[in-house]
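Residue numbers for the sequence shown follow full-length UniProt numbering, beginning at 1 and rising by one.
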Amino acid sequence: MWPHNKDGLYSVKSGYNILLHWKTTNAPSSAHSDPYNKVWKKLWCLPTIPRHIVLLWRILQRAIPVRSELNKRGIHCHILCPRCLHNEETINHAFMECNHAAKIWFGSKLRTRFEGYQRDFTDWLAHIITHLNEEDISYVASIVYGIWYARNPQINCDANLAKEGCWGLGAAFRDSEGALVAEATWEMAGYGDPILAEARATYQAIQMVVDCCFHEIVI
Ligand SMILES: [Zn+2]
Numbered sequence: 001m002w003p004h005n006k007d008g009l010y011s012v013k014s015g016y017n018i019l020l021h022w023k024t025t026n027a028p029s030s031a032h033s034d035p036y037n038k039v040w041k042k043l044w045c046l047p048t049i050p051r052h053i054v055l056l057w058r059i060l061q062r063a064i065p066v067r068s069e070l071n072k073r074g075i076h077c078h079i080l081c082p083r084c085l086h087n088e089e090t091i092n093h094a095f096m097e098c099n100h101a102a103k104i105w106f107g108s109k110l111r112t113r114f115e116g117y118q119r120d121f122t123d124w125l126a127h128i129i130t131h132l133n134e135e136d137i138s139y140v141a142s143i144v145y146g147i148w149y150a151r152n153p154q155i156n157c158d159a160n161l162a163k164e165g166c167w168g169l170g171a172a173f174r175d176s177e178g179a180l181v182a183e184a185t186w187e188m189a190g191y192g193d194p195i196l197a198e199a200r201a202t203y204q205a206i207q208m209v210v211d212c213c214f215h216e217i218v219i
């Protein structure tokens with residue numbers, strides 16, 4: 001899925017490395033080779049939260065694990081949008097067509113409506129980055145991040161000493177409305193160090209994320 005890591009998994013570190021690489025290699029001489037050159041330049045200099053910038057960049061690269069993209073790449077999972085369960089989850093659907101996203105855009109100060117919009121969300125995003133000022137692009141980035149954040153399950157995990165030499169670990173997965181979508185508890189041999197126990201609980205939760213095919217989560 002993520003083309004810049006051996007295991008195909010996205011990491012913030014690899015995202016930054018790529019951004020850094022592109023920043024230094026997209027010299028003025030290459031201005032005509034990449035139609036997104038202007039977009040990247042503005043995006044990298046945006047005075048906003050780095051993870052918002054990385055998310056916009058991933059969307060423009062189509063390196064975002066919406067379900068249609070996952071299936072195209074051989075990762076078989078349900079194709080329907082996990083929020084509305086009505087349509088195939090594409091980038092266009094997740095970020096502009098889904099009812100949940102449409103409401104957020106219309107409720108924003110931009111009052112954006114995508115009905116009848118014939119082009120891709122990535123085209124719209126590139127246009128916005130090219131033509132709006134930094135403050136407005138940052139505002140759009142925060143909305144896009146909010147839509148993606150709300151789409152992904154959130155996990156709480158915890159650990160305690162169940163009995164001598166034994167950890168009690170637990171994890172709860174909730175959707176954006178706070179409804180429980182999955183939960184699990186584990187009893188494992190372990191001693192002392194509560195930080196190690198918390199780390200083990202996080203590891204177990206991440207393992208469960210893989211088993212449940214959640215692909216993108218917030219811990
Ligand atoms: Zn939907």
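Virtual Cβ for every residue (Gly too), placed ideally from N, Cα, C. Treat the numbers as computed from the prediction; the structure is a model and nothing was measured.
Q. Taking only runs of the beta strand (DSSP E) that begin and end inside the region 130-195, which ones reach a length of at least 3 residues, in chain order?
A. Entirely contained in the region 130-195, the beta strand (DSSP E) runs reaching 3 residues are, in chain order, 154-163, 166-174 and 180-189.
Q: Return helix, strand or coil for Glu198, following the three-state DSSP convention.
A: Glu198 falls in the helix class under three-state DSSP.
(Q) To test your reading of the DSSP string, which unbroken alpha helix (DSSP H) runs of 4 or more residues are found completely within the region 60-134? (A) Secondary structure remark: continuous alpha helix (DSSP H) runs of at least 4 residues inside the region 60-134, in chain order: 67-72, 99-107 and 121-131.
Q) If you count every other CB in all the chains shown that lies within 10 Å of the CB of Ile49, and 16 or more means buried, which is it? A) The residue in question, Ile49, is exposed, as its Cβ has fewer than 16 Cβ neighbours within 10 Å.
Q) Can you tell me whether Gln207 is buried or exposed, with buried defined as 16 or more other CB within 10 angstroms of its CB? A) Gln207 is exposed by the Cβ-count criterion.
(Q) Can you give me the C-alpha to C-alpha distance between Lys42 and Thr130, rounded to a whole angstrom? (A) Cα-Cα distance, rounded: 7 Å.
Q) Any heavy atom of ligand 3 closer than 7 Å to the Cβ of His93? A) In the structure on display, ligand 3 does not appear, and the ligands it does have are ligand 1.
Q: Could you spell out the range, first to last residue, of the alpha helix (DSSP H) harbouring Leu43?
A: Residues Asn37 to Trp44.
Q: Look up Asp211 in the DSSP assignment and say whether it is helix, strand or coil.
A: Three-state result, Asp211: helix.
(Q) Taking 8 Å as the cut-off, does the region 44-60 touch the region 119-135 (at least 3 CB pairs, one atom from each stretch)? (A) Contact between the region 119-135 and the region 44-60 is present, because at least three Cβ pairs lie under 8 Å.
Q. To the nearest angstrom, how far is it from the Cα of Asn99 to the Cα of Asn152?
A. Their backbone Cα atoms lie some 16 Å apart in a straight line.
Q. Hey, is His78 close to ligand 1, as in C-beta under 7 Å from one of its heavy atoms?
A. Not a single heavy atom of ligand 1 lies less than 7 Å from the C-beta of His78.
Q. Thinking C-beta only, is Ala201 closer than 8 Å to Gly170?
A. Yes, these two residues count as a Cβ contact at 8 Å.
Q) Residues in its own chain within less than 8 Å of Asn71 by CB, not counting five upstream and five downstream? A) Here Asn71 has Cys77 and Ile79 as same chain residues with Cβ atoms under 8 Å from its own Cβ, once five neighbours each way along the sequence are excluded.
**Q.** Proximity test, Cβ basis, 8 Å: Leu70 and chain D
**A.** Of the protein chains in the structure, only one exists, and it is not chain D.
Q: Examine ligand 1 and report whether any of its heavy atoms sits within less than 7 Å of the Cβ of Asn71.
A: Outside the cutoff, so no.
Q: For ligand 1, list every residue whose C-beta falls under 5 Å from any of its heavy atoms, going in chain order.
A: The set, ordered by position in the chain, is Cys81, Arg83, Cys84 and Cys98.
Q) Do you know whose CA, among Asp34, Asn37, Leu46 and Pro35, lies nearest Leu132's CA? A) When only C-alpha atoms are compared, the closest one is Leu46.
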